[in-house]
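In our numbering, the protein residues as written are 1437 to 1530.
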């Protein structure tokens, strides 16, 4: 898990599961994100995904947004996206 960049393109978080060939690609925003903006962010991630040279065409891809607050996150989750904001993290204990 970590950050990725190449030739001016950047992805905030890339998480790989080598055993299952799954990849999760996230953009992080420290601001309020409405549903339309989140969809644009997710579309941008989909366009960047092929640049990540790791089992291209043979992997399961997941796309997500992490933000301070995300409006419409339930709608986005229903569409299969991984969406988290600070409220989701309130209940996490370490």
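Built from N, CA and C at the ideal position, the CB exists for glycine as well.
Task: Nearest to residue 1492 (by Cα), restricted to the options 1500, 1514 and 1482 - done: Locating residue 1492 in the chain shown gives position 56, where the first residue counts as 1. Residue 1492 has its Cα closest to that of 1482, out of 1500, 1514 and 1482.
- [ ] Give every residue of the same chain whose Cβ lies closer than 8 angstroms to the Cβ of residue 1445, excluding the five residues on either side of it in the sequence, and list them in chain order.
- [x] The residue given as residue 1445 occupies position 9 in the chain shown. Taking residue 1445 as the centre and dropping the five residues before and after it, the same chain places the C-beta of 1484 and 1487 closer than 8 angstroms to its C-beta, in chain order.
- [ ] Alpha carbon to alpha carbon, how far is residue 1505 from residue 1523? Give it in angstroms, no decimals.
- [x] Position 87 of the chain shown, counting from 1, holds the residue named residue 1523. Position 69 of the chain shown, counting from 1, holds the residue named residue 1505. Cα-Cα distance, rounded: 8 angstroms.
Open item on the list: Can you find the residues in the same chain that come closer than 8 angstroms, C-beta to C-beta, to residue 1457, ignoring five residues on each side of it along the sequence?
Closed with: Counted from its first residue, the chain shown places residue 1457 at position 21. Residues 1491, 1494, 1495 and 1496 of the same chain have their beta carbon placed closer than 8 angstroms to that of residue 1457, with the five preceding and five following residues left out of the count.
- [ ] Kindly indicate which three-state DSSP category residue 1518 falls into: helix, strand or coil?
- [x] Numbered from its first residue, the chain shown carries residue 1518 at position 82. In this structure, residue 1518 counts as strand in the three-state DSSP scheme.
Task: DSSP-derived helix/strand/coil call for residue 1439 - done: As a position in the chain shown, residue 1439 is number 3, starting the count at 1. Residue 1439: strand per DSSP, three-state reduction.
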